[in-house]
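Going down the list, the protein sequences come from chains B and Y.
Residue numbering for the first sequence follows our numbering, starting at 13 and increasing by one per position.
Residue numbering for the second sequence follows our numbering, starting at 13 and increasing by one per position.
There are 2 protein chains.
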Amino acid sequence: MDEALRAVADPTRRAIMELVRDGERSAGQLADRFPQMSRPAVSQHLRVLADAGLVDVRRDGNRRMYALRPQGLADAAGFIERMWSTQLRRLKEAVENE
Amino acid sequence: MDEALRAVADPTRRAIMELVRDGERSAGQLADRFPQMSRPAVSQHLRVLADAGLVDVRRDGNRRMYALRPQGLADAAGFIERMWSTQLRRLKEAVENE
DNA sequence: AGGCTATGTAAGCAACTTCTTACACTCTAG
DNA sequence: CTAGAGTGTAAGAAGTTGCTTACATAGCCT
Chain B
13 MDEALRAVAD
23 PTRRAIMELV
33 RDGERSAGQL
43 ADRFPQMSRP
53 AVSQHLRVLA
63 DAGLVDVRRD
73 GNRRMYALRP
83 QGLADAAGFI
93 ERMWSTQLRR
103 LKEAVENE
Chain Y
13 MDEALRAVAD
23 PTRRAIMELV
33 RDGERSAGQL
43 ADRFPQMSRP
53 AVSQHLRVLA
63 DAGLVDVRRD
73 GNRRMYALRP
83 QGLADAAGFI
93 ERMWSTQLRR
103 LKEAVENE
């Protein structure tokens, strides 16, 4: 979970995830979407995402295709849900006490 | 969202959130739970959490009481859900195509 | 083979994080 | 009022992150 949450904490990486969310994208296609930063920078972000299990990589000849891997967020989602549920529980208690 | 996700990316801060999840805790009570690190370190983590809107602070005489503020995770939860839903959508499509 | 395309890796630097110790502040209690 | 408890803030060290440029690797095409 730690790795996934640290990966997701970066806005560029979240943007990449939004992009690959709709289907596979090559490293180059992704890099093109970030004209303000160098291609290697994007490549490094992709590595972080892959290491965190947030994207899948597939070789396609010359290119590398990246796709979202939502399971990688399972534990993070669990944590957030656990925090979130507190609100619901509290709300319920508040309602019951009035 | 950025601030919340960066705050949550740290394991100590997540642990703090788990602790205040069940109700208010004073700074000192929280610091006691992290014997391996200094009290000021915990205090600094609490500040990060408060700045990110993930905890509420209340002064109680000499002490400061911290409580979880789950709304602070709303945007983060939204992001994760948006990624997550992809899986469901894909699954649905896969089922429909077979 | 040789050159071009697509991509990753290495090295290094600047900025940021997360600690620590030392200090300041603010209530409460006697 | 003074002492001590509870807590935040300041300054600085050490480690980590996120970039850049330069280089390496691997597949494709003529």
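Where is the CB? At the ideal position from N, CA and C, for every residue including glycine.
Since we're looking at a predicted model, the values are computed, not measured.
Report the partner residues of L80(B) according to the DSSP bridge assignment. Locating residue 80(B) in the first sequence gives position 68, where the first residue counts as 1. V67(B), per the DSSP bridge assignment.
#### Entry: Short-range partners of chain B found in the segment 70 to 87 of chain Y, where Cβ spacing is below 8 Å
L80, P82, Q83, L85
Notebook entry, point to check: Interface residues of chain Y around V20(B) at Cβ under 7 Å?
Noted result: Taking the first residue of the first sequence as 1, we reach residue 20(B) at position 8. Within 7 Å Cβ-Cβ: L17.
Problem set entry | D72(Y) vs A16(Y) beta-carbon contact at 8 Å | Along the second sequence, one-based indexing puts residue 72(Y) at 60. Along the second sequence, one-based indexing puts residue 16(Y) at 4. No.
- Task: Just the C-alpha distance for Q41(B) and F46(Y), rounded to the nearest angstrom, thanks.
- Result: Numbered from its first residue, the first sequence carries residue 41(B) at position 29. Numbered from its first residue, the second sequence carries residue 46(Y) at position 34. Answer to the nearest angstrom: the Cα atoms are 45 Å apart.
Practice prompt. Please classify D34(Y): does DSSP put it in a helix, a strand, or coil?
Written response: For the purposes of this step, residue 34(Y) is identified with residue 22 of the second sequence, where counting begins at 1. In this structure, D34(Y) counts as coil in the three-state DSSP scheme.
Worksheet item: Looking only at DSSP bridge pairs, what is R75(B) linked to?
Response: Sequence index remark: in the first sequence, residue 75(B) carries index 63 (1-based). DSSP output for R75(B) lists D72(B) as bridge partner(s).
Original post:
Taking the C-alpha atoms as reference points, what is the distance between G65(B) and A27(B)?
Top reply: Taking the first sequence and counting its residues from 1, the one referred to as residue 65(B) is at position 53. Taking the first sequence and counting its residues from 1, the one referred to as residue 27(B) is at position 15. If you take the alpha carbons of G65(B) and A27(B), they lie about 16 Å apart.
Q.
Which residue marks the beginning of the alpha helix (DSSP H) containing R18(B), and which one marks its end?
A. Translated into positions along the first sequence, residue 18(B) becomes position 6. Taken as a continuous stretch (DSSP letters only), the alpha helix (DSSP H) holding R18(B) covers 14 to 20.
- prompt: Do we get a CB-CB distance below 8 Å when we pair P23(B) with the residues of chain Y?
  reply: Along the first sequence, one-based indexing puts residue 23(B) at 11. Cβ-Cβ to chain Y under 8 Å: yes for P23(B).
**Request:** Answer yes or no: does any C-beta atom of chain Y fall closer than 8 Å to that of A64(B)?
**Result:** What you label residue 64(B) is simply residue 52 of the first sequence in a count that begins at 1. Taking Cβ atoms only, chain Y never reaches closer than 8 Å to A64(B), which makes this a no.
>> On the CB-based measure, 16 or more other CB atoms within 10 Å of its CB, does M49(B) come out buried or exposed?
In response: On the first sequence, residue 49(B) is found 37 positions in, with the first residue counted as 1. The residue is exposed, with fewer than 16 neighbouring Cβ atoms inside 10 Å.
Check for me: the alpha helix (DSSP H) holding L42(B) runs from which residue to which?
The residue given as residue 42(B) occupies position 30 in the first sequence. Looking at the DSSP string, the run of the alpha helix (DSSP H) that includes L42(B) is 39 to 44.
Quick check on DSSP: helix, strand or coil for Q48(Y)?
On the second sequence, residue 48(Y) is found 36 positions in, with the first residue counted as 1. Of the three classes helix, strand and coil, the one that applies to Q48(Y) here is coil, per DSSP.
Quiz item: Does A89(B) come within less than 8 Å of chain Y when only Cβ atoms are used?
Solution: For the purposes of this step, residue 89(B) is taken as the residue at position 77 of the first sequence. Yes, its Cβ sits closer than 8 Å to a Cβ of chain Y.
* Asked: Do A19(Y) and I92(B) have their C-beta atoms closer together than 8 Å?
  -> Translated into positions along the second sequence, residue 19(Y) becomes position 7. Translated into positions along the first sequence, residue 92(B) becomes position 80. Contact: no.
| message | With distance defined between alpha-carbon atoms, name the residue in R81(B), D63(B), R59(B) nearest to E7(B). | response | Nothing can be reported for residue 7(B), as the shown portion of chain B is limited to 13 through 110.
**OP:** Look at the alpha carbon of G84(B) and the alpha carbon of V67(Y), and state the distance between them as a whole number of angstroms.
**Re:** The residue given as residue 84(B) occupies position 72 in the first sequence. The residue given as residue 67(Y) occupies position 55 in the second sequence. So the two alpha carbons sit approximately 26 Å from each other.
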